[in-house]
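There are 4 protein chains.
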Amino acid sequence: MKMIINGKKVDSESGKTFNVTDPATGKVIEAVPKATEKDIELAVDAAVTGQKIWAEIPVWQRVQVLRKFLDLVEVNKEDLAQTLCAENGKPISEARGEIGNIPIGFSGFIEHAKHYYGSIIPQGTEQGQDKNIQMVTREPIGVVACIIPFNFPCDLFDQKVAPALMMGNAAIVLPSSDNPLTLMKLTELLVEAGVPNGAIQCLTAPGAVKSAAVADPRVHLVTLTGSTEVGIDTAKIAAGNLTHSALELGGNDAFIVLDDGDVDLAVEELVWGRMYNTGQVCCASKRFLIHNSLKDEFAKKAVERIKKLKVGMPSDESTQIGCLISEKAAVKVEGEVARTVEQGGKIIMGGHRDGAFYEPTVIVDVPKTADVAKDMEIFGPVVPVIGFDTDEEAIEIANNSIFGLSSCVFSRDQKRAFKVATAMEAGGAVINGASFFRAFEQPFGGWKHSGIGTEGVFSTFDEMTRVKTIVLKNIL
Amino acid sequence: MKMIINGKKVDSESGKTFNVTDPATGKVIEAVPKATEKDIELAVDAAVTGQKIWAEIPVWQRVQVLRKFLDLVEVNKEDLAQTLCAENGKPISEARGEIGNIPIGFSGFIEHAKHYYGSIIPQGTEQGQDKNIQMVTREPIGVVACIIPFNFPCDLFDQKVAPALMMGNAAIVLPSSDNPLTLMKLTELLVEAGVPNGAIQCLTAPGAVKSAAVADPRVHLVTLTGSTEVGIDTAKIAAGNLTHSALELGGNDAFIVLDDGDVDLAVEELVWGRMYNTGQVCCASKRFLIHNSLKDEFAKKAVERIKKLKVGMPSDESTQIGCLISEKAAVKVEGEVARTVEQGGKIIMGGHRDGAFYEPTVIVDVPKTADVAKDMEIFGPVVPVIGFDTDEEAIEIANNSIFGLSSCVFSRDQKRAFKVATAMEAGGAVINGASFFRAFEQPFGGWKHSGIGTEGVFSTFDEMTRVKTIVLKNIL
Amino acid sequence: MKMIINGKKVDSESGKTFNVTDPATGKVIEAVPKATEKDIELAVDAAVTGQKIWAEIPVWQRVQVLRKFLDLVEVNKEDLAQTLCAENGKPISEARGEIGNIPIGFSGFIEHAKHYYGSIIPQGTEQGQDKNIQMVTREPIGVVACIIPFNFPCDLFDQKVAPALMMGNAAIVLPSSDNPLTLMKLTELLVEAGVPNGAIQCLTAPGAVKSAAVADPRVHLVTLTGSTEVGIDTAKIAAGNLTHSALELGGNDAFIVLDDGDVDLAVEELVWGRMYNTGQVCCASKRFLIHNSLKDEFAKKAVERIKKLKVGMPSDESTQIGCLISEKAAVKVEGEVARTVEQGGKIIMGGHRDGAFYEPTVIVDVPKTADVAKDMEIFGPVVPVIGFDTDEEAIEIANNSIFGLSSCVFSRDQKRAFKVATAMEAGGAVINGASFFRAFEQPFGGWKHSGIGTEGVFSTFDEMTRVKTIVLKNIL
Amino acid sequence: MKMIINGKKVDSESGKTFNVTDPATGKVIEAVPKATEKDIELAVDAAVTGQKIWAEIPVWQRVQVLRKFLDLVEVNKEDLAQTLCAENGKPISEARGEIGNIPIGFSGFIEHAKHYYGSIIPQGTEQGQDKNIQMVTREPIGVVACIIPFNFPCDLFDQKVAPALMMGNAAIVLPSSDNPLTLMKLTELLVEAGVPNGAIQCLTAPGAVKSAAVADPRVHLVTLTGSTEVGIDTAKIAAGNLTHSALELGGNDAFIVLDDGDVDLAVEELVWGRMYNTGQVCCASKRFLIHNSLKDEFAKKAVERIKKLKVGMPSDESTQIGCLISEKAAVKVEGEVARTVEQGGKIIMGGHRDGAFYEPTVIVDVPKTADVAKDMEIFGPVVPVIGFDTDEEAIEIANNSIFGLSSCVFSRDQKRAFKVATAMEAGGAVINGASFFRAFEQPFGGWKHSGIGTEGVFSTFDEMTRVKTIVLKNIL
């Protein structure tokens, strides 16, 4: 496939390419252009021009263009799902789900954009302002670089590209080099739907080259979902030009079951909250803090339940758990599990790797001092169980982390559940459900090293626009 | 005076001090502690503890504490004004005005905090969320470093400290080394009013030591008003810990008079918009773009009007224009005026310096290619007049700057005024008034190199809190 | 055609019918059932049941049903436009426009409903509430009677039925007896699209029978657009059961041209603002207050401009002005013009009636004491010109009316325009445009005898729901 | 005491008076003027003038006036409390509490008024509006008649007069004839604080004369708290002029304890929720629906707990339960208890009357068919216990009432609690607390025969203002 720069399907100006591989089979799917800094520059050139044209188009007409895009997605949905499955390793059923989310996510932003109102600060409410009316409006922020991770490329494309476009910005999509193909196709569909040249582009660039986009002073916002390490590097580069950045980064979410929690419900939520996408989820539940009186029951039932899940080739219709994004990723998980065992954990299920496949794994007796109980995020289907005695101890363990993405608590007592939820140093707190909860509406975002800013229909427009106050001075 | 750390009046642990000088007379007013990185660390230690205590106090009780502070300010207002006048060089009348703003600004934040509501994303509005209720709440962000500039120290103290405290945060005040005394006094009054130890502190620190506060990972937000250069450095350091930053930086605001503009009104607004605080205002009008048919009339009337202003010692009751913050600052202005003359401008009034005093100065025939017409911000009472022929040319000149703080346009025609206001790449656009407009309510903030984020009663709470979404999963 | 009760196409239980006539030709188009109070009772029975079913369907699924309705409208649009033209007398071009508005209006409500959030009043903001969280939610109001006038039946159907359905209510449509056919067809399409039985119904009922719906205690909201007389009667009946009522009633909007107003623009706006729909518009400009220095020029140019409009048979493609809704309506206009002449006006154009057709008419020298200058609303293409000398006099004349629907002012001076706009005792004030302005978003509603409540995407949901505060007491 | 009309303390023009009596002793406290329709007319005359003057005063200055009023209340608070106790019969401790609420309530409205923003509907969001900006503003509604009940005269004064004044309206206070004295004093203090003549007035008028205020077309809003019967009559009269009305009326709130509810907590909440103000509370819990497995325990514990309450003379410092507002009121309660017994209830505690005193009374075995279980609201300290078997049955009984003010449910299970709370056909649903919950912030208001509109800092301004949309047509 080609990149999209200035409305055209192009190769890299260098002529170089790199391969996209199916992680389940190791086979090359296709070669894609390897973008250079020069390509980035050309794309930003086009974005600057395209943004001005796109911003002149009224919101309701932008809606028509994006609705046409959704029609094209509908026509191509099976092809998109198969592409996503192949390049990502996620089960085909999950890939279909993610493609099926596109109309949900895009529609949210489309609709809300038409009812995104400005504000008036009336005369006379503040001393000294008796005759002045302040009109608070929202203007496009300009060129937006969208750096998108491998795990849910389409969901994040929805979260970033839809609001960027609806607010009159130009979006430059920078997919993960592991699996850019689906996003390249989606970008083509946006062009086909009528987004003007330069207003939507897609470049397949190595990480260092992505940084060139962040460093370009004509880029006004970088919206990135990725690791904390990459997030910090990006923030530093962006700071050099006072470029805005919105960062959704790593997490190590606590999954807390209090002594009155519903263990069966918790186990069922674990399946969704830790096994979905083979555990490669930023807000997956990653630390299972189970009251000591329940932890054996929980572990036992978790093993029983997980065993019922079918692990298999992603393309197989019945597969429920596929492989990781790459063998490299699986090797990393392998090392992290080993470290957890060294630090006191006992594996009672799983623990083996085969290529990019890593078995669903349950580790009990993990001490709260272990790395995984604090700052080590495992991006795979691993369930480390950590015991605790009191609500306070659970809160303390949960908050003893550099991360603060989301969290969850199971209790039958509403007061205790709220007490824990309120105490969580995290951007989310799910009561009686897994921390893996991300509605498109939700202002999703982490505290501490889990990010800056929130993302979702409820709030993204605030980040993708700039405030302008038009003052009617002495008008009254 | 002493610093305030953990509720105590203290010296620097190093025992070192530096002098605060009256810029109008060159006399030392008082020595203050020269904070070190160790002092910063102690302050952050105390802030972490104090913030937790303060956040537990309900909003309505925090209000009572801050209202008591306002009572203390009322009692001490003349002393505060004299201190501000002496250390800053601004006319005593303006110093009194700034102290008089404290109750206006604080009240705004106090009141709004009591009516700052959360949101509910109801079940069933998004596919897949039929049984889940999302409660979007706002939590304190934690420890806030408030870096405050010399020009309006109290106004910016209001803008930063009041919302930080109302939202349950701990504030560490870092005043300008040129004039920290008034803020040290205000901090003492907050302690006296009952803000707990550590929740409000004030350290007199050189710039490099301030950076230690920015670099401390336990500081969650840096709110800074200052130069773009310092802003960028701060942003870079903050990025290292994913510390939030809110930056109000430099500006070079255009003051546009269209061919149908009211010249007399424009000249009157110039007095306020360029001469107030001897021109040391971030959103002062700094580039006077006057239609060629009006520029001679404008320049002539401006000179006549400015001549009526009384320049004198700041402490003199009748003085309208005082000195700059330091002789160094005045020398800088002198150099910038010289450069403007080199680049084609002609001085028709003023142009001389005497110590920290710089005469009100009008420069005509400034070409649009001159530095002052683009990116050179002059922080003094200087009026460079640049001609233009068409509305489009005026817009082009105005936007041809790295800055985008505010702007203004004078026209009798509402449509033309809105057209220009809408085209301004800036956070503000005043119609028929100077760009120097900053209501406490206003979400004030710059575009491009003028900053990130907005500040004001309308919006600051969003920056001084973190979103938490509490999900009631399967509740219905 | 038949009525729709409980999902079925039915006759009146009495078997009686009445004729719907083409006002331009006097020919009967079709007979429709003449509903009785028994029919109303059956409909309310079905609505009570249907509402409960419909309210259980999540918002996003209701959206899918209404989008299917819009697809059906698209297929049937020419038939709907022809029906509307025939039964209403409006030019076919205007009828097509009104059908074309259906997707615009419905989409607005559809979209906004998906992002209509609740609020949280957090703990601790009010003394005594330190441990309580208040969740402010919106629930369906129940059964909504939609009483719709003849002049823009589809636009008002959009404004009433779309929000009623989106909020989970049952809607009973009660069209004007003059022209119910288009709405009967639209109701059929809603049923076809999948709105459950009873949740959408349409009854062709004489005014007195409509009152039975208002009087039924199981109807929770009456939303009516119509005359002030009918509005007051309705409000009285509704009061008996504490039934909510939203009333958009009569108007006699002032159209003010100040001495610096743009006469050409004003004349052009007059065409839209007074001649559209042959003047049968609630917020048409109905009193032309023209500064004495401009009134002759205005009258002359108005006559010239109006003469260019093509009066003709509504069904003729080139017709710009059709007939009134009935000969009776035209006779009423004839009488009102006669009264205006008696009271001092001079006809300089038009003034004749032919069946249901009434000529575009301009009357000058109308004294401000004339009925038309105050409380007599003429529902036809009549332009009474009233002179004035000062802005204050114009304001006084404009406000000297029992009505307060909308208003407008023409001035090149923004301050004067705002001064007049602010002084208007009316729900709208258009600057440099006719008072006939009604965006679907706008919270449209009159002051004084022009109504109670506002209607539009921005605000209607507030009227079509009931607030429920769920208190989590002592939760923290 | 005198009435306040147009800033003066006056008698009725008729010279007539009526007596205000202490219900606990039967002694006359003082005679007050008996207003006539002529007095009402004079007051409305003054209000029309006064409102215009008051509306011209900027919001921040209105705040200063009301803050001065609060200072005066502080000085007079014990006198006000004693007056309220004497004329009302409520315990002095409760009277002090109600006076103590004045600063809480007024401050809420004062603060929120300064941050009550308008909205902008931006260009281009709706098809056809590409060049128009809509500014949605809020204007004073005009003259507001405040009809205030006997039970919490000061709380309702806060809820009605504070927002009326803050929004620039004139308020005419119409207290209950039983106990007008405290409100007369408060009105005097508002005049003393500087509210202009006519902008605040107080008339002591019999019910029929109050209707004259409702009927005056120059009154724009009637805000009434009272019985449903009076509310309906008022609504009918208001309808005649399209006068807005906001009605907080009767209630018969269900207090539901599910089988897993905390009986001890429920009993404790009963004390507050049914005995406060001797049960004369609109949203008191009035129907105790207790699961059959718990009802005996509940009744027994309720009796024990209530016995600890001290019944006595209202003026006695230790009294916890005083008398009713009048002997007539007590006789009415006596009859209602008798009817409940006739219909199957058994009194297990209390049941006797002594003058205006009515004993705290518990009635068990009340069948769900009894009047008290449906539409008979008892305004006194009576606890009728009704059993049920399933959650569904509890919901059915609760909703089988013409009323829908508030409600509550006790359950340890969050899901069941939300299910019941959501099912309540009422404006409030308290989880694990009595239905008697009314924060000043809360948008308090009933469904069905319990009222129209909501009242509270969160929402009242919407009812006490009129929307005006200023359209900047073709501005862009």
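Residue numbers (UniProt numbering), protein chains in the order written: chain A, 1 to 476; chain B, 1 to 476; chain C, 1 to 476; chain D, 1 to 476. Backbone N, C-alpha and C fix where the C-beta goes; we use that ideal spot for every residue, glycine too.
Q: Would you mind telling me which residues of chain C sit closer than 9 Å to B/LYS68, beta carbon to beta carbon, in chain order?
A: The contacting residues do not exist; B/LYS68 stays about 16 Å from chain C at best.
Q | Among D/ASN179, D/THR204, D/LYS114, nearest to D/LYS38 - alpha-carbon criterion | A | The residue among D/ASN179, D/THR204, D/LYS114 with its C-alpha nearest the C-alpha of D/LYS38 is D/THR204.
Q) Are the region 92–101 of chain A and the region 105–119 of chain B in contact at 8 Å, needing three or more beta carbon pairs? A) At 8 Å Cβ cutoff, the stretches do not touch.
Q: Have a look at A/LEU190, A/PHE357, A/ARG353 and flag the residue whose alpha-carbon is nearest the alpha-carbon of A/LYS8.
A: For the residues A/LEU190, A/PHE357, A/ARG353, the minimum Cα distance to A/LYS8 belongs to A/LEU190.
Q. So, do the region 170–189 of chain D and the region 143–150 of chain D have three or more beta carbon pairs nearer to each other than 8 Å?
A. With a cut-off of 8 Å, the region 143–150 of chain D and the region 170–189 of chain D count as touching, because enough Cβ pairs lie within range.
Q) Does the pairing of the region 322–331 of chain B with the region 405–422 of chain B give three or more beta-carbon distances under 8 Å? A) No: fewer than three Cβ pairs fall under 8 Å.
Q. Between C/LYS468 and chain D, is there a C-beta pair that is closer than 8 Å?
A. So, interface residue.
Q) Which one of A/ARG412, A/LEU84, A/GLN123, A/ASP45 has the shortest CA to CA distance from A/ASP262? A) If we check each option's Cα against that of A/ASP262, A/ARG412 comes out closest.
Q. Pick from A/LYS90, A/PRO58, A/GLU268, A/PRO196: whose alpha carbon is nearest that of A/VAL308?
A. The sequence as given places Lys at residue 308 of chain A; Val does not occur at that position. Residue A/GLU268 is the option with its Cα nearest to A/LYS308.
Q | Reduced DSSP category for B/PHE157 - H, G, I as helix; E, B as strand; rest coil | A | DSSP places B/PHE157 in the helix class (H, G or I) of the three-state scheme.
Q: Pick helix, strand or coil for A/ILE397, following the three-state DSSP scheme.
A: Collapsing the DSSP output to three states places A/ILE397 in a helix.
Q) Under 7 Å Cβ-Cβ, which residues of chain B neighbour A/ALA421? A) Ordered by position in chain B, the residues that pass the 7 Å Cβ test against A/ALA421 are ILE470.
**Q.** 8 Å Cβ cut-off: residues of chain D touching C/ASN474
**A.** Within chain D, the residues near C/ASN474 are ASN432, GLY433.
Q | Bounding residues of the alpha helix (DSSP H) (the contiguous stretch that carries D/ILE99) | A | 92–113 is the extent of the alpha helix (DSSP H) around D/ILE99.
Q. If we cut at 8 Å on Cβ distances, does C/VAL59 have a partner in chain B?
A. It does: the Cβ of C/VAL59 has a partner Cβ on chain B nearer than 8 Å.
Q: For my contact list, C/LEU249 and C/SER450 are in at a C-beta cut-off of 8 Å; report their separation, rounded to the angstrom.
A: Between C/SER450 and C/LEU249 the Cβ distance is about 5 Å, and since that is below 8 Å, they are a contact.
Q: Return yes when the Cβ of C/LEU165 is within less than 8 Å of the Cβ of C/ASP199, no when it is not.
A: Per the sequence shown, the amino acid found at residue 199 of chain C is Ala instead of Asp. Cβ atoms of C/ALA199 and C/LEU165: closer than 8 Å.
**Q.** Reference D/SER401; option with closest CA among D/VAL409, D/ALA373, D/PRO381
**A.** The shortest Cα separation from D/SER401 among D/VAL409, D/ALA373, D/PRO381 belongs to D/ALA373.
Q. Within the 8 Å Cβ cut-off, does A/TYR117 reach chain D?
A. At least one chain D Cβ lies under 8 Å of A/TYR117.
Q: Determine the extent of the beta strand (DSSP E) in which C/GLU248 is found, giving its start and end residues.
A: Element bounds for C/GLU248: 244–248.
Q) Taking Cβ-Cβ distances shorter than 7 Å, what residues in chain C pair up with B/ARG412? A) Per Cβ cutoff of 7 Å: ARG412, ASP413.
Q) B/THR125 and A/GLU441 look like a contact to me (Cβ under 8 Å); what is the Cβ gap, rounded to whole Å? A) The distance from the Cβ of B/THR125 to that of A/GLU441 is about 7 Å, consistent with a contact at the 8 Å cut-off.
Q) Between D/GLY404, D/PRO153, D/THR390, D/ASN6, which lies nearest to D/ASP45 when the distance is taken from Cα to Cα? A) Here the closest residue by C-alpha is D/ASN6.
Q.
Restricting to Cα atoms, I'd like to know which of B/LEU224, B/ALA208, B/THR465 is closest to B/ASP158.
A. For B/ASP158, the closest alpha carbon among the candidates B/LEU224, B/ALA208, B/THR465 is that of B/LEU224.
Q. Quick one: does B/VAL136 have its CB under 8 Å from some CB of chain A?
A. Yes - at least one Cβ of chain A is within 8 Å of the one on B/VAL136.
Q) Which one or two residues does DSSP pair with B/LEU221 in a beta bridge? A) B/VAL144, B/HIS244, per the DSSP bridge assignment.
Q) How many Å lie between D/ALA238 and D/PHE403 at the Cα? A) For D/ALA238 and D/PHE403, the distance between alpha carbons rounds to 22 Å.
Q. With 8 Å set as the bound, which would you pick, yes or no: does the beta-carbon of B/ILE256 sit closer than that to a beta-carbon of chain C?
A. B/ILE256 has a beta carbon lying at 8 Å or more from every beta carbon in chain C.
Q | Bridge partners - D/THR137, DSSP secondary structure assignment | A | Per DSSP, D/LYS468.
Q: Locate the alpha helix (DSSP H) running through D/ARG62, then write down its first and last residues.
A: Boundaries of the alpha helix (DSSP H) harbouring D/ARG62: 59–75, taken from the DSSP string.
Q) Going along the chain, which residues of its own chain have a beta-carbon closer than 7 Å to the beta-carbon of B/ALA35, five neighbours each way excluded? A) Hits under 7 Å: MET3, SER12, LEU203, THR204, ALA205, VAL209.
Q: Using a Cβ cut-off of 7 Å, pull out every chain D residue sitting near B/HIS112, in sequence order please.
A: Residues of chain D whose Cβ lies closer than 7 Å to the Cβ of B/HIS112 are, in chain order, HIS115.
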